[in-house]
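2 protein chains.
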Amino acid sequence: MATPLPRDPIADARLNWERHGWSEVAAPMAAITAIMRTQQILLARIDGVLKPFGVTFARYELLALLSFAHGGALPMNKASALLQVHPTSVTNAVDRLQGVGLVIRSTHPTDGRTTLIELTPEGRALAGRATAALNVEVFAQSGFTEQEVDQLIRVLGSFRRDAGDFA
Amino acid sequence: MATPLPRDPIADARLNWERHGWSEVAAPMAAITAIMRTQQILLARIDGVLKPFGVTFARYELLALLSFAHGGALPMNKASALLQVHPTSVTNAVDRLQGVGLVIRSTHPTDGRTTLIELTPEGRALAGRATAALNVEVFAQSGFTEQEVDQLIRVLGSFRRDAGDFA
DNA sequence: TATTGTTATACTCTATAACTATA
DNA sequence: TATAGTTATAGAGTATAACAATA
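Sequence lines, in order, name chains A and B.
So the working numbering is basically just the index in the first sequence, starting at one, shifted up by 6.
So the working numbering is basically just the index in the second sequence, starting at one, shifted up by 6.
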């Protein structure tokens, strides 16, 4: 996994698809496979940067979301919807983050069913430092040109809209 | 997670980044976050199509790789390198696939350290049917235009090369 | 000694179903 | 009845370290 392969395995897969009568879909197959692989590479970089902070990407995303919320607090179901993850994933993430003192739970003042998640001062400080680290070490050297970034945002934005992520 | 959000959460995150002094990296942050989310959507679709076949995407990828190998067999370490996954992941996948009779292990004829993975007739048949299903139900209706597919292949290809995936 | 693969272990994230509490 | 969240349980992928067998 460390040594580069002599050939692009995804380009080879595309050739195999074409050789076996699937020319029509060989290109989209290659594009989708490339997205899967790129996500793996990026997630490994992100988790590497976050490791010293003791949080995973999923937990960092929750901290970052809270840090931008008015009052630094959000209902569980709101966080679940905005992060587009299962409610039990939020419960799990909040459990861990609360266990290390980065967030606290409280009951919604007017709806007793709703649990609010709130950043502690430590959580807010860590979110700020982790964001700075990610920005400098990952996003500022993404490996994409400005034009490529614009293309990705446009292409994947319309894909996500068509997939029902947002209106 | 079913109802579309009124606004694009990634576009909102980008605005938050810009408002907090990270304008320089707001766009690449949005592009990378979009890649992460797109991968989730695609993986859910793929796993949904593969579910009736009783295999996950990771295990399907191994079957597909073997089906294109000369003789339908590959050493474990070769499969690990080509799929770009950890050797223990291959061991795990082969364990499961062997357990349901889709692959068999054998010792390399000239190097006793090496284990060969080989498709059974059942494994080859299932790989063919699963590939057809994925091609028709996912890749043929990816949601990307031809031009977008070409852009993704080009942009993500150079990214993967720069990341050290291949020479 | 170096390489290949397995085993044991652990930790992610994810998802379903059953359950409690509140509206 | 419907909603919000938790709990229990299960399964997926990933990774490290220790180990056995072979080169």
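Quick reminder that beta carbons are idealized off the backbone N, C-alpha and C, glycines included.
Please list, in chain order, all residues of the same chain as S112/B whose beta carbon is under 7 Å from its beta carbon, the five residues on each side excluded.
-> Taking the first residue of the second sequence as 1, we reach residue 112/B at position 106. So the qualifying residues of the chain are L122 and E124.
Whole alpha helix (DSSP H) runs in the segment 39-104 of chain A with 4 or more residues, listed along the chain?
-> 63-74 and 82-89
Whole angstroms is fine: what's the gap from P12/A's alpha carbon to I38/B's?
-> Counting from 1 along the first sequence, the entry for residue 12/A is found at position 6. Counting from 1 along the second sequence, the entry for residue 38/B is found at position 32. Between P12/A and I38/B, the C-alpha separation is close to 27 Å.
Closer than 8 Å, CB to CB, is G149/A near chain B or not?
-> Here residue 149/A refers to the residue found at position 143 when the first sequence is read from its first residue. Yes, contact with chain B.
Is the beta carbon of A70/B less than 8 Å from the beta carbon of T9/B?
-> Within the second sequence, residue 70/B is the residue found at index 64, counting from 1. Within the second sequence, residue 9/B is the residue found at index 3, counting from 1. No, the pair does not count as a contact, with Cβ atoms beyond the cut-off.
Relative to the C-alpha of Q153/B, which residue among Q157/A, D53/A and F150/A is closest?
-> To locate residue 153/B, count along the second sequence from 1; it is residue 147. Considering only alpha carbons, the answer is Q157/A.
Quick one: grab the DSSP three-state call for L125/A.
-> For the purposes of this step, residue 125/A is taken as residue 119 along the first sequence, with counting starting at 1. Here L125/A sits in strand by DSSP.
What residues in the segment 40-57 of chain B bring their beta carbon closer than 9 Å to a beta carbon of chain A?
-> Listed in sequence order: A40, I41, M42, R43, T44, Q45, Q46, I47, L48, L49, R51 and I52.
Over the uninterrupted beta strand (DSSP E) stretch that includes S112/B, give me the two end residues.
-> Counting from one through the second sequence, the residue named residue 112/B turns up at place 106. S112/B -> beta strand (DSSP E) spans V109 to T113.
What's the gap between the Cα of A50/B and the Cα of A87/B?
-> Indexing the second sequence from 1 puts residue 50/B at position 44. Indexing the second sequence from 1 puts residue 87/B at position 81. Rounded to the nearest angstrom, the two C-alpha atoms are 25 Å apart.
Hey, out of E143/B, N83/B and F165/B, whose CA is closest to S148/A's CA?
-> Counting from 1 along the first sequence, the entry for residue 148/A is found at position 142. Taking only the C-alpha atoms, the option nearest S148/A is F165/B.
Indicate whether at least one CB of chain B lies closer than 8 Å to the CB of R65/A.
-> Walking along the first sequence from the start, residue 65/A turns up at place 59. Answer no: the Cβ-Cβ gap between R65/A and chain B never drops below 8 Å.
Could you check what DSSP says for M7/B in three-state terms: helix, strand or coil?
-> On the second sequence, position 1 is the one that residue 7/B refers to. Since pLDDT at M7/B reaches only 43, below the 50 mark, its modelled position is unreliable, and the value read off the structure follows with that caveat. Coil at M7/B, not helix or strand.
H114/A vs P93/A beta-carbon contact at 8 Å = Residue numbering aside, residue 114/A sits at position 108 when the first sequence is read from its first letter. Residue numbering aside, residue 93/A sits at position 87 when the first sequence is read from its first letter. For H114/A and P93/A, no; Cβs fall outside 8 Å.
Anything in chain B within Cβ reach of G170/A, meaning under 7 Å, just list it in chain order.
-> Position 164 of the first sequence, counted from the start, is the residue given in the question as residue 170/A. Simply P10.
Three-state secondary structure (DSSP) of F172/A | Residue numbering aside, residue 172/A sits at position 166 when the first sequence is read from its first letter. F172/A: strand per DSSP, three-state reduction.
Between M7/A and S29/A, what straight-line distance do the alpha-carbon atoms span, to the nearest angstrom?
-> Sequence index remark: in the first sequence, residue 7/A carries index 1 (1-based). Sequence index remark: in the first sequence, residue 29/A carries index 23 (1-based). Interpretation of M7/A is limited by its pLDDT of 43, a score under 50 that renders its predicted location unreliable; the figure taken from the coordinates is listed afterwards. Cα to Cα, the separation comes out at about 29 Å.
Within the 8 Å Cβ cut-off, does F59/A reach chain B?
-> Here residue 59/A corresponds to residue number 53 of the first sequence, with the count starting at 1. No - not a single Cβ of chain B is within 8 Å of the one on F59/A.
The segment 106-137 of chain A: positions lying closer than 7 Å to chain B by Cβ | If the cut-off is 7 Å between Cβ atoms, the segment 106-137 of chain A has nothing near chain B.
Between M42/A and L48/B, is the Cβ-Cβ spacing less than 8 Å?
-> Position 36 of the first sequence, counting from 1, holds the residue named residue 42/A. Position 42 of the second sequence, counting from 1, holds the residue named residue 48/B. For M42/A and L48/B, yes; Cβs fall inside 8 Å.
Proximity of L140/B and I52/B at Cβ, strictly below 8 Å | Position 134 of the second sequence, counted from the start, is the residue given in the question as residue 140/B. Position 46 of the second sequence, counted from the start, is the residue given in the question as residue 52/B. The Cβ atoms of L140/B and I52/B lie closer than 8 Å to each other.
With 16 other CB atoms within 10 Å as the buried threshold, where does A133/B fall?
-> What you label residue 133/B is simply residue 127 of the second sequence in a count that begins at 1. Per the 10 Å Cβ criterion, buried.
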